[in-house]
Amino acid sequence: MGILIKNGTVVSATESRKLDVLVSGEMIARVGVGINESGHDVVDATGLLVMPGGIDAHTHLDMPFGGTTSADDYTTGTQAAAVGGTTMLIDFALQSQGHTMREAFDVWRAKSRGKACVDYSLHMAVTDLGPGDGAHGLREMEEMVAEGISSFKLFMAYPGVLMIDDGLMFKVMQKAAALNALCCVHAENGSAIDVVVAQMIAEGKTEPHYHALSRSPKAEAEATHRAIALADMAGASVYIVHLSNEDSLAALKFMQGRGAKALAETCIQYLVLSIEDQMPGESWEEAKYVFTPPLREKWNQEPLWEALADGSLAVVSTDHCPFRFADQKELGRGDFRKIPNGGPGVENRLQILWHFGVNAGKISPERFVALMATNPAKIFGMERHKGRIAEGLDADILLWDPTAEYTISAETQCMATDYSMFEGWRVKGNAAKVWSRGELVVDNVAQPGKFLGATGRGRFVKREANGGGMG
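Residues 498 to 968 (our numbering) are what the sequence shown spells out, left to right.
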């Protein structure tokens, strides 16, 4: 006996068709027309869209930062993801300077053990290749790929903590090219930004608003170009994370046009929030929107939407890194440098992308599926298991109700923060039911906002090194 989803419209990255979907155990057994109901539990999906579960390729769960730790651990974070229709996360293991990648891998696997409620994987953030010529760290990259970590994060910001210099970055990129691994880059000119930050503090400009003003779009654009140029020199594939503005987009498109193997994501906050609306410099409440890169002027939003539609931008993620306003963001009152950087979004990614993208005519339902599931699966080496409604793949299935209306609120969210970046927003389109590997884990119709599965049922997914799907 299986689960037979009938009368729904199956949406892929290329087309939408009326098809039945049969689930057997943890896998999709068959996709076709008129599958016999006999012996199966039938789910009537009339009026609903059948999609692959979402994949959020950029989250930070249980992450130490600025003297505190992100508010969502692997339990609350993955449950919130599932309630919003996301069935797979890729989190970041952060190697500390002076420590090894193996140590970071073990620490982050321990953080997730017995807690993850949907499937997950890890990127490895590289900050140190070890003494001498870095041979030890480069060997560790081989070990990480063998463990199923096929992407390496490189920070061009946060001097003295996470930032690496161009020489170390180039060495990592050369090794990644040899391993067919992907380099994920936080592209901001951290050295120049630190100069501006110091100048602002000296002038008494300490409020949250100045965090955004200290991190120029040009500092991001310069680093975006430099990161892609270095990767191109090394023969590596590169993925720019959380691209936030038109200047950086222009740098990306320029290098793509020259044949560089360059991909990029943006995040939901940059598509719908702005410095004018959320951070005009009027109150401490604006600390809720302190994250990096910061919010940009509103006119940057339209070019980002256009790039999502034309393929220049390949993925929409969240950079979900939540901190409570009352006691964690408070650490930076009087000094924006000490405000923990990050915001909550993993639960609302699909709602925001559908309402402001599909409903507004900016992207099609098919492009929605590509951006939130199919492309991340392909780029990050999981397309044989995740990201599509197809026979033989994991039964990570989302029934999406395009007519459901929902009001976003901190009072009803699963994320472990005391605020929402989208408080009170009314959106149309929401997850109705969610299956993770064939198990119904969310039923927002019968039990709204509840995770129905067992804590700890999520599995670590080993990913293939496939050069970001670019050869």
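Just so you know, even glycine gets a beta-carbon here, dropped at the ideal spot from N, CA and C.
Comparing alpha-carbon positions, the option among GLN594, GLN696, MET912 lying closest to LEU659 turns out to be GLN594.
Annotated three-state conformation of ARG514 is strand, per DSSP. Under the three-state reduction of DSSP output, ARG610 falls in the coil class, being neither helix nor strand. One alpha carbon belongs to ALA579, the other to LYS612, and they sit about 14 Å apart.
Check the Cα spacing between LEU792 and each of LYS947, GLU717, ILE737: the tightest is with GLU717. Residue ranges of uninterrupted beta strand (DSSP E) with 3 or more members, entirely inside the stretch 872-948 and ordered along the chain, are 894-904, 923-933, 936-940.
Nearest to SER618 by C-alpha distance, out of GLU640, GLY878, TRP932, is GLY878.
Under the 10 Å beta carbon count, LYS672 is surrounded by 16 or more other beta carbons and is classified as buried. Within the stretch 626-653, the complete beta strand (DSSP E) segments of 3 residues or longer fall at 648-652, listed in chain order. Distance between ALA962 and GLU704, taken at the CA atoms: about 43 Å.
Its chain contains THR575, ALA613, CYS614, VAL615, ASP616, TYR617 as the residues whose beta carbon lies nearer than 7 Å to that of GLY955, once the 5 sequence neighbours on both sides are disregarded; these appear in chain order.
Taking the Cα positions, GLY732 is about 19 Å away from ILE646. Counting along the chain, TYR655 sits inside no beta strand (DSSP E), nor does DSSP assign it H or E at all.
DSSP, reduced to helix, strand and coil, places ASP553 within a strand of the structure shown. ALA748 and GLU719 have their C-alpha atoms some 8 Å from each other.
Secondary structure of PRO862 (DSSP, three-state): helix. DSSP places LEU801 within a helical segment (H, G or I) once states are collapsed to three. For HIS620, the uninterrupted beta strand (DSSP E) segment begins and ends at 616-622.
With fewer than three CB-CB distances shorter than 8 Å, the stretch 877-895 does not count as touching the stretch 945-952.
Contact between ILE860 and VAL507 does not hold, since the beta-carbon distance rounds to 18 Å and is not under 8 Å. 7 Å or more divides the Cβ of ILE772 from the Cβ of MET752. Taken in chain order, the unbroken stretches of alpha helix (DSSP H) that lie wholly in the stretch 794-856 and span 4 residues or more are 798-807, 846-850. Nearest Cα to MET621 within the set ARG599, ILE905, ARG610: ARG599. By a beta-carbon distance limit of 8 Å, ASP553 contacts ARG846. Their separation comes to about 6 Å.
Restricting attention to GLY926, LEU801, LYS785, GLU799, the CA atom closest to the CA of CYS818 is found in LYS785.
When the Cα atoms are used, ASN504 and HIS537 turn out to be separated by approximately 15 Å.
The DSSP-derived three-state label of THR573 is helix.
The residue from ALA699, VAL738, GLY629 with its alpha-carbon nearest to that of ALA654 is VAL738.
In the three-state reduction of the DSSP assignment, ARG599 falls in the helix class.
Ranked by how close their Cα comes to the Cα of MET585, the residues ASP891, ALA907, VAL924 have ASP891 in first place. When TRP922, PRO899, LEU626 are compared, the shortest CA-CA separation from GLN910 is found for TRP922. About 7 Å separates the Cβ atoms of VAL530 and ASP517, confirming a contact at the 8 Å cut-off. Taking one beta carbon from each stretch, the stretch 694-709 and the stretch 635-642 have fewer than 3 pairs nearer than 8 Å; the two do not touch. The beta carbon of CYS764 is closer than 8 Å to those of HIS555, HIS739, SER741, VAL813, SER814, THR815, ASP816, GLY842 in its chain, skipping five residues each way along the sequence. For ILE500, the enclosing beta strand (DSSP E) has its first and last residue at 500-503. Pairing ALA870 with GLY884 gives a Cβ-Cβ distance under 7 Å.
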